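Here's the structure, in structure tokens; my notes come after.
Residue numbers (my numbering), protein chains in the order written: chain D, 182 to 611; chain P, 182 to 611.
So, in structure tokens, the structure goes:
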């Protein structure tokens with residue numbers, strides 16, 4: 182018995198919630214045609230019933246009572262776009278226990294509790310979908326769980342945070358410093374008043390734990406993911422990056438090693454200008470996936486924003502509508518227990534950009550080179566910048582080296598008498 | 182009642198068939214884990230039972246009898262990777278009548294007969310999937326039918342033919358002429374002995390009719406699509422493209438107009454070097470999709486080849502496995518009757534690159550400019566190349582102009598006494 186109409190409750194009438202409501206109302210006919218069912222808005226739940234979101238909401242739909250919505254037997258699907266852990270998690274659990282499908286954009290909940298919520302869904306013969314939790318409107322989770330699911334995924338990496346990408350783009354384009362670019366992003370509403378979650382890479386780590394979980398069939402605790410943010414990136418680094426043919430980006434990187442080992446890391450990378458990621462600017466996101474059969478693929482689009490995120494939520498609703506009432510438990514969105522181990526970051530390999538402030542004396546380069554060679558850190562390029570007479574700047578680009586060796590070499594270099602400071606150590610190249 | 186195993190018959194043991202078999206054998210455990218069912222190879226059908234494909238095929242699976250396979254009640258899914266219309270179409274029809282799901286990579290069959298085969302599938306409560314028919318391993322059909330299906334699609338355009346993209350890449354990189362680059366592509370097996378299907382844009386038109394059908398909810402006859410191939414592209418055009426900051430690509434372009442009008446065209450375009458499509462080289466494909474909610478998205482990957490195409494076929498098999506036995510008719514892969522009209526190409530707008538051979542006399546530029554201005558063809562750049570004393574070359578780049586006006590202007594220019602020939606007229610910019 183296939184239903185011709187699904188009743189939907191949207192929890193949260195903020196930016197994403199308003200986008201979902203707009204999209205369901207504006208494209209109602211088109212969506213019904215494509216999925217063969219009408220998607221009806223039965224509830225929109227928010228504590229703020231007054232604020233004008235610029236949408237004409239159908240009568241009797243708006244309410245502050247979330248429990249009424251998640252307990253109403255007529256509701257088939259609950260859309261959770263509140264954000265944060267509580268009370269969102271409690272509402273999701275109640276909905277699943279009531280055998281309602283759930284669609285969420287909540288990366289924090291999925292990264293932290295995805296496995297247990299999925300189990301709850303399976304026990305209740307429903308499903309929880311979360312395309313909007315990583316990559317905004319880009320259908321990357323769908324691709325990993327479906328069209329690419331025949332592949333052994335070898336690498337997944339890319340730009341998955343629009344706020345930091347906007348900040349870095351402004352630093353590149355306007356020569357702005359980090360603090361200035363952050364302020365601009367805050368003024369435009371791209372960054373929050375407390376920007377920690379974005380600029381320190383937490384948001385990226387949530388998303389990487391979700392994407393890597395699907396790509397590598399294992400749960401990964403997001404707190405175990407190696408993480409560097411962009412607070413320490415300076416205007417000088419950006420200018421030098423450009424000079425050496427790079428663009429600086431904050432990347433999520435996942436690499437399958439042999440056996441049960443996986444390498445997951447979040448940090449700034451100098452991306453060669455010729456690489457497609459170098460052209461991903463502002464709030465756009467892009468994710469590369471390398472499979473053993475499909476080879477290299479890339480998915481690009483808006484990583485955040487009202488309607489792009491709504492597009493992913495509504496895509497999940499359409500997926501549910503297409504299969505509703507058919508024992509919808511889809512094993513492809515396969516949260517897995519922790520089955521694989523993370524490779525310690527010290528054992529991973531990267532190319533590096535190193536910027537040193539040194540005394541303008543003969544023998545500096547020789548001393549630095551000797552330390553590098555002692556630690557098997559191969560140097561690709563070294564360049565001395567204009568000298569002040571007392572101090573000068575040395576820029577080194579290395580070949581791919583083991584992280585632990587690089588750190589040891591950098592430690593020894595910073596202790597050299599001729600070295601005033603190690604100004605920057607940034608991964609360069611993919 | 183959900184089955185734990187699906188029996189699969191692969192029709193055609195050529196390049197794609199061998200890829201599908203390799204992938205199903207190599208990644209059997211991973212696939213079973215992700216879709217919750219074992220995908221078992223029951224038949225591999227090919228007339229050539231002798232040739233070594235470098236695969237250890239399970240005993241008793243290889244046969245020359247396609248009818249046995251499509252009529253065997255134990256077969257659940259038929260994979261058609263034979264290519265061409267007959268006998269592939271007959272086998273697909275028999276399989277559907279026998280209530281077997283069908284997966285095909287056959288763009289010619291889907292472009293020409295997709296609508297009627299889909300109706301046959303619906304009548305028999307099964308489905309026909311065709312992710313591999315456009316964009317090789319890129320899950321673009323899945324995205325249009327699923328994750329992006331809540332969007333009103335405004336534009337879809339990109340590079341969807343690997344053979345011509347390889348030829349154009351070689352012309353750019355090596356300065357080779359068309360004939361030479363084609364020969365090289367043929368030697369490497371990228372182009373066929375009779376390259377018409379690729380170089381004249383037929384293959385692109387098939388794929389555009391499939392993608393546009395999903396994006397714009399209407400059937401479009403591929404023969405009605407405006408089409409120019411790359412035979413007339415010269416090494417001089419490529420060199421000048423580079424000089425003016427462009428890379429020449431063969432594009433499929435679909436644009437929704439107001440009402441029921443859609444603009445579909447296949448032709449070479451000079452793509453600005455800063456555009457992501459300019460960096461899509463060799464046999465890679467990339468498709469841009471612009472939706473009213475998701476905004477701009479891009480999908481990139483290998484557009485052809487044994488394993489990338491197999492990845493798309495196996496993705497469809499996994500999709501079927503996830504929903505098998507559940508009345509699998511998915512309205513999202515919605516072949517539609519012809520509901521929308523094509524905009525005549527004369528009414529479409531493009532920027533143009535025009536190369537003229539002219540007499541080296543004063544007044545040429547004035548005469549050409551006058552003709553352009555008479556036809557409302559705005560000139561963005563005009564440049565005169567080194568003069569020989571008798572003849573010289575004039576390169577013009579226009580603003581966006583109406584195709585019919587451009588053609589009228591070009592006709593009048595070619596009739597000017599000072600103009601020796603109109604050497605090239607190529608769209609420039611997106």
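By construction, the Cβ of each residue, glycine as well, lies at the ideal position given by its N, Cα and C atoms. Being a predicted model, the structure only gives us computed values, none of them experimental.
- At a C-beta separation below 8 angstroms, residue 500(D) has these neighbours in chain P: 327 and 328.
- Contact annotation, residue 287(D) with residue 269(D): C-beta distance approximately 6 angstroms; criterion of less than 8 angstroms satisfied.
- Against chain D, the CB of residue 481(P) has a partner CB under 9 angstroms away; the residue lies at that interface.
- Runs of the beta strand (DSSP E) lying entirely within the stretch 498-567 of chain D, each at least 3 residues long, are 533-540 and 560-565 in chain order.
- By the CB criterion at 9 angstroms, residue 495(D) and residue 553(P) fall outside the cutoff.
- Residue contact with chain D for residue 432(P): absent (no Cβ-Cβ distance below 9 angstroms to any residue of chain D).
- If you check the CB distance, residue 530(D) and residue 583(D) come in under 9 angstroms.
- Membership of residue 387(P) in the alpha helix (DSSP H) is indicated by the continuous run 383-397.
- In the structure shown, residue 282(P) adopts extended strand secondary structure according to DSSP, grouped into three states.
- Closest by C-alpha distance to residue 528(D), out of 574(D), 438(D), 573(D) and 414(D), is 438(D).
- When 248(D), 255(D) and 340(D) are compared, the shortest CA-CA separation from residue 272(D) is found for 248(D).
- For residue 211(P), there is no enclosing beta strand (DSSP E); the residue is part of the alpha helix (DSSP H) that begins and ends at 209-216.
- Residues of chain D whose Cβ lies closer than 7 angstroms to the Cβ of residue 478(P) are, in chain order, 318, 319, 481 and 482.
- Assigned with DSSP and collapsed to three states, residue 223(D) falls in strand.
- Residue environment for residue 323(P): buried (at least 16 other C-beta atoms within 10 angstroms of its C-beta).
- Between residue 446(D) and residue 502(P), the alpha-carbon positions lie close to 34 angstroms from each other.
- DSSP places residue 569(D) in no beta strand (DSSP E); its state is neither H nor E.
- Sequence-distant partners of residue 605(P) (beyond 5 residues in either direction) whose C-beta falls short of 6 angstroms from its own C-beta, in its chain, are 418 and 536.
- Under the DSSP assignment, residue 435(D) falls in the beta strand (DSSP E) whose first and last residues are 427-437.
- Sequence-distant Cβ neighbours of residue 595(P) in its own chain, meaning closer than 8 angstroms and more than five residues away, are 602 and 603.
- If you check the CB distance, residue 320(D) and residue 327(P) come in under 9 angstroms.
- Around the C-beta of residue 399(P), 16 or more other C-beta atoms lie within 10 Å, and the residue is accordingly described as buried.
- Between residue 345(P) and residue 431(P), the CB-CB gap stays under 9 angstroms.
- DSSP, reduced to helix, strand and coil, places residue 205(P) within a helical segment of the structure shown.
- Around residue 398(D), the beta-carbon contacts reaching into chain P at under 9 angstroms are 211, 214 and 215.
- Rounded to the nearest angstrom, the Cβ distance from residue 372(D) to residue 366(D) is 4 angstroms, consistent with a contact under 8 angstroms.
- A distance of 9 angstroms or more separates the beta carbons of residue 483(P) and residue 462(P).
- Your pair residue 236(P) and residue 295(P) does not check out as a contact, with CB atoms roughly 30 angstroms apart and the cut at 8 angstroms.
- Residue 480(P) is bridged by DSSP to 480(D) and 468(P).
- Here residue 304(D) carries a helix assignment [DSSP, helix/strand/coil].
- Residue 222(P) is outside the set of residues whose beta carbon lies under 9 angstroms from a beta carbon in chain D.
- Beta-bridge pairing by DSSP links residue 574(D) to 538(D).
- Inclusion of residue 187(P) and residue 279(P) in the CB contact set at 9 angstroms is not warranted, their separation being larger than that value.
- Fully enclosed beta strand (DSSP E) runs of no fewer than 3 residues occupy 258-261 of the stretch 237-264 of chain D, in order along the chain.
- Per DSSP, the beta-bridge partners of residue 453(D) are 427(D).
- At a cut-off of 9 angstroms between beta carbons, residue 207(D) contacts chain P.
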